[in-house]
Amino acid sequence: CVIAKVRVKIDKPILPYRVTGKTCFPIGEFTVTVCSEALKRLLKAKAIQTIYEVAIYDCDIIFADYVEFFGKEKEHFTITKDNLAREYAKKFMNALYGKWGQKKERLIDSCNAPFDIIESKVVIDSESGARGRIVTYGGVTRLYEDRGENAYNSFVAISSHITEYAR
8 CVIAKVRVKI DKPILPYRVT GKTCFPIGEF TVTVCSEALK RLLKAKAIQT IYEVAIYDCD
68 IIFADYVEFF GKEKEHFTIT KDNLAREYAK KFMNALYGKW GQKKERLIDS CNAPFDIIES
128 KVVIDSESGA RGRIVTYGGV TRLYEDRGEN AYNSFVAISS HITEYAR
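Given below as structure tokens:
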């Protein structure tokens with residue numbers, strides 16, 4: 008498995024690219040960080056102008072039993088129309104993936120809240136663009152700031168490849 012930061016020049020929309028939080032498929036010349044499969048497409052198209060950085064990882068199939076189990080559960084609950092159980096199966100599958108791309112958060116503030124309220128909201132500062140979450144449970148509301156850094160136990164190479172192979 009490879010992750011590389013490269014300068015590309017492409018004339019066909021073969022590569023997803025994030026711009027202001029949205030995914031588009033641009034053409035032209037730009038710098039992008041890509042994983043194994045996108046890198047193969049770029050090499051085949053002879054689109055790489057410059058290679059800035061490369062990280063090479065041992066590659067293997069991981070968590071296949073876990074994903075297969077919850078995938079079958081999700082499919083079963085879809086067929087039986089058990090929407091709550093289907094949602095749980097889906098959340099378990101996504102939670103594993105999400106752990107690898109997890110970001111650090113910092114607790115900014117907290118206050119008392121009604122004990123029966125359980126909710127989580129994403130907040131974005133309209134002036135600075137800073138992101139955070141407001142989480143209420145257990146009688147407390149907490150405001151967390153997204154620090155934009157990878158969490159201690161995250162491993163972005165895994166989540167990046169999962170996302171790429173899901174396309």
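Heads up: the sequence shown runs through residues 8 to 174, numbered per the working numbering. Where is the CB? At the ideal position from N, CA and C, for every residue including glycine. Computed from a predicted model, the values in this text were never measured in an experiment.
Alpha-carbon to alpha-carbon, residue j and residue i
i, j, result
"Ser161", "Glu112", "13 Å"
"Tyr144", "Ala120", "8 Å"
"Gly146", "Cys118", "9 Å"
"Asp67", "Ala11", "19 Å"
"Thr27", "Gly35", "18 Å"
"Val130", "Met100", "25 Å"
"Ala164", "Leu150", "29 Å"
"Val39", "Thr87", "43 Å"
"Asp89", "Cys8", "38 Å"
Exposed unless 16 or more other CB atoms sit within 10 angstroms - verdict on residue i
i, result
"Ile125", "exposed"
"Ser43", "buried"
Reduced DSSP secondary structure (H/G/I, E/B, other) of residue i
i, result
"Thr87", "coil"
"Thr170", "helix"
"Glu60", "strand"
"Phe32", "coil"
"Asp72", "helix"
"Ile141", "strand"
"Ile10", "strand"
"Glu152", "strand"
"Phe37", "strand"
"Ser43", "helix"
"Asn119", "strand"
Under 8 Å between C-beta atoms of residue i and residue j
i, j, result
"Ile21", "Ala52", "yes"
"Lys16", "Ala62", "no"
"Lys110", "Asn157", "yes"
"Tyr59", "Val13", "yes"
"Ser167", "Tyr104", "no"
"Leu50", "Val41", "no"
Option in the options with minimal Cα separation from residue i
i, options, result
"Ala96", "Thr87, Tyr104, Lys110, Gly78", "Gly78"
"Tyr73", "Asp18, Arg138, Ala102", "Ala102"
"Arg138", "Gly108, Gly155, Thr148", "Gly155"
"Leu114", "Ile141, Phe32, Glu82", "Ile141"
"Phe122", "Arg93, Thr148, Glu75, Asp18", "Thr148"
"Lys128", "Ser135, Glu152, Glu134", "Glu152"
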